[in-house]
Structures are given as structure tokens and as C-alpha cells.
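**Q** First, the structure itself, so that you have it in front of you.
Numbering (this note's numbering), first residue to last: 31 to 302.
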């Protein structure tokens with residue numbers, strides 16, 4: 031099936047899970063570009079049916095990169111200059127979810143994507159954010175389990191891991207309000223990293239018109255506000271493509287995350 035003919039099938043997926051379907055489609059078309067004659071399927075999907083789901087589709091590209099040999103990877107430099115780091119997020123999720131013993135229990139780091147894209151050290155941080163999302167699923171959305179998994183990682187990696195956990199807990203759900211409050215309290219030192227990830231999830235769902243009740247619950251707990259306001263803060267604080275990147279350790283994407291976490295700490299307060 032061509033990228034242009036996927037929309038109706040994707041729209042038939044329940045709205046709670048539809049974003050994951052777009053993520054999978056982006057992964058699939060990227061894989062097809064790598065293993066079949068002809069290229070451009072992934073790009074046509076990203077620019078066409080997947081354009082309203084850019085957060086999820088970029089993650090899907092990262093999943094595909096984890097499966098493909100380096101010479102078959104897409105050129106990530108052609109992606110949105112701010113959001114392209116989500117490819118590394120997707121790569122990190124894949125490694126943690128499918129190779130849990132090595133990357134979660136063993137806390138290894140995989141620098142293949144960082145080297146292969148020449149994106150350097152920050153790519154490893156973005157991958158940790160994806161690993162944090164994977165931890166939410168590995169832990170079965172159980173707050174005590176996910177906190178114990180994070181605690182086993184070096185301290186300098188935990189903020190990025192909690193950002194991913196906040197995103198997954200908000201976007202995918204799986205925990206009720208009391209459990210989310212327990213997660214926030216247990217991760218108190220990193221509560222604004224949880225909030226930042228939660229706000230990103232809110233923006234991903236609002237942008238795709240896929241807001242569901244558990245998203246509202248999570249943004250209230252983590253961000254101290256509703257989903258629409260959390261998403262609006264994301265849009266308002268996002269750096270423009272013209273914002274200079276003078277420090278490789280501080281790309282626009284990281285500047286955005288930092289600004290958002292700081293803003294939420296100032297105006298959000300704790301929710302329920």
C-alpha cells in the first residue's frame with residue numbers, strides 16, 4: 031500500500047490508539063524504503079497523511095533505524111530542525127523495550143544512532159528520553175516499579191528518563207489519578223521533568239486531535255493544569271528555526287524542554 035492510501039485505515043483505529051498506528055506506519059514505510067526498490071515512501075507519509083502526527087511519526091522513523099543497517103537510514107537532517115531529535119527518542123525506546131536486559135537492567139547505552147547521524151552527545155540524551163517512555167511499559171505502568179528501575183540508573187540520566195516517563199504516562203495512560211500522584215511524589219526531585227514530558231504528550235494529542243480522558247488526568251497531576259493549556263505552553267515556548275544553536279549540548283529541542291520545565295515550575299504548581 032502506498033503512503034497516500036493509508037489514511038482511511040489509520041482513521042479507523044480507536045482515537046486512544048490511533049497515534050500509535052501512525053507511529054507504526056512511519057516505521058513501516060521507513061523500513062520499506064530500506065529494503066525495497068525505490069525510496070521516498072517515508073517522506074511522502076510524513077508530509078502527507080502523517081503530517082498531523084509529526085511527534086509520533088518521527089518516533090516511528092527512529093524505530094526503523096534501530097532495525098536497519100546504517101547505509102539504509104533516512105537522512106534525518108531533512109527533518110524538522112527542532113523535532114528531529116524525536117528520531118533518537120524512538121531509537122532509544124526501541125532498544126529499551128526490545129532489549130530490556132541489556133539497556134534497562136544492564137543500563138547500557140547505544141551510541142550507534144548518535145554516531146551514524148553525527149548528532150553527537152545530545153542524541154544519547156534524546157535516546158534516554160525514549161528509554162524513559164519504554165520504562166513505563168516495561169514497568170506495566172506501576173509507579174513503584176518504574177521508580178525502582180530509574181533509581182538503578184546513574185543520577186545524571188534520571189532527569190531525561192523521567193521526562194520520557196511523564197510523556198508515556200500522559201499519552202498512553204495506564205495509571206489512575208492516585209497512582210500518578212504517587213509517581214509524582216516518588217519522583218519529587220524530578221517532578222518538573224515529569225511535567226515537561228507530560229506537556230509534550232498533551233501537545234502531541236492536541237495537535238493530532240486525539241485528546242482522551244486519561245490525558246487530562248495526567249496533565250492535571252503532573253503539570254497542574256489542563257491538557258489544552260499544557261499544549262499551548264508547548265507551542266508558545268517552542269524556539270523558531272532561526273534560533274541559533276551555538277552549543278552542541280543545547281540544541282533548540284533541549285532549549286525548548288528547559289524553557290517548558292521552568293515555566294511549568296513557575297505557573298503550574300502541583301495538581302490534585
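Every residue, glycine too, gets a C-beta built ideally from N, C-alpha and C.
If distances are taken between C-alpha atoms only, which option among 241, 156 and 198 comes closest to residue 224?
**A** Here the question's residue 224 lines up with position 194 in the chain shown. Measuring from the Cα of residue 224, the nearest candidate turns out to be 198.
**Q** I think residue 177 touches residue 217, with their Cβ atoms under 8 Å apart; what is that distance to the nearest whole Å?
**A** Translated into the one-based positions of the chain shown, residue 177 becomes position 147. Translated into the one-based positions of the chain shown, residue 217 becomes position 187. The pair is a contact, with the Cβ atoms about 6 Å apart (cut-off 8 Å).
**Q** Can you tell me whether DSSP reads residue 290 as helix, strand or coil?
**A** Residue mapping note: residue 290 aligns to position 260 of the chain shown, counting from 1. Residue 290 falls in the helix class under three-state DSSP.
**Q** Alpha carbon to alpha carbon, how far is residue 93 from residue 156?
**A** Here residue 93 refers to the residue found at position 63 of the chain shown. Here residue 156 refers to the residue found at position 126 of the chain shown. Going by the C-alpha atoms only, they are around 13 Å apart.
**Q** Going by beta-carbon coordinates alone, are residue 106 and residue 147 separated by less than 7 Å?
**A** In the chain shown, the residue the question calls residue 106 occupies position 76. In the chain shown, the residue the question calls residue 147 occupies position 117. The answer is yes: Cβ separation under 7 Å.
**Q** What do you get for residue 72, buried or exposed, if any count of 16 or more other CB atoms within 10 angstroms of its CB means buried?
**A** Here residue 72 refers to the residue found at position 42 of the chain shown. Buried, by the Cβ-count rule.
**Q** Kindly indicate the opening and closing residues of the alpha helix (DSSP H) around residue 176.
**A** For this step, residue 176 is matched to residue 146 along the chain shown. Note, residue 176: alpha helix (DSSP H), 173-181.
**Q** So residue 165 and residue 126 are supposed to be a Cβ contact under 8 Å. How far apart are they, rounded?
**A** As a first step, residue 165 is located in the chain shown; it is residue number 135 there, counting from the start. As a first step, residue 126 is located in the chain shown; it is residue number 96 there, counting from the start. The Cβ separation is near 7 Å, so the contact holds.
**Q** Measure the C-alpha to C-alpha separation of residue 170 and residue 205 and round it to an integer number of angstroms.
**A** Numbered from 1 along the chain shown, position 140 holds the residue referred to as residue 170. Numbered from 1 along the chain shown, position 175 holds the residue referred to as residue 205. When rounded, the distance between both Cα atoms is 9 Å.
**Q** Hey, residue 168 and residue 134: beta-carbon distance below 7 Å or not?
**A** As a position in the chain shown, residue 168 is number 138, starting the count at 1. As a position in the chain shown, residue 134 is number 104, starting the count at 1. Yes.
**Q** Comparing C-alpha positions only, which one of 173, 36, 45 and 32 sits nearest to residue 237?
**A** Position 207 of the chain shown, counted from the first residue, corresponds to residue 237. Answer by Cα proximity: 45.
**Q** Quick check on the DSSP output: what are the complete alpha helix (DSSP H) runs of length 4 or more inside the region 89-135, in order along the chain?
**A** As far as the region 89-135 is concerned, its whole alpha helix (DSSP H) runs of at least 4 residues are 116-128.
**Q** Quick one: what's got a C-beta closer than 6 Å to residue 231's C-beta in the same chain, skipping five residues either side?
**A** Along the chain shown, one-based indexing puts residue 231 at 201. Within the same chain, residue 231 has close Cβ partners 197, 200 and 201.
**Q** For the candidate residues 269, 284, 112 and 49, whose alpha-carbon lies nearest to that of residue 242?
**A** Stepping through the chain shown from its first residue, residue 242 is reached at position 212. Comparing Cα positions, the closest option is 49.
**Q** Taking the straight line between their C-alpha atoms, what separation do you get for residue 288 and residue 67?
**A** To locate residue 288, count along the chain shown from 1; it is residue 258. To locate residue 67, count along the chain shown from 1; it is residue 37. Rounded to the nearest angstrom, the two C-alpha atoms are 42 Å apart.
**Q** Could you spell out where the alpha helix (DSSP H) holding residue 36 opens and where it closes?
**A** Here residue 36 corresponds to residue number 6 of the chain shown, with the count starting at 1. Residue 36 -> no alpha helix (DSSP H), and no H or E assigned at all.
**Q** Using the C-alpha atoms, what's the distance from residue 77 back to residue 272?
**A** Mapped onto the chain shown, residue 272 falls at position 242. Mapped onto the chain shown, residue 77 falls at position 47. Their Cα atoms are separated by approximately 21 Å.
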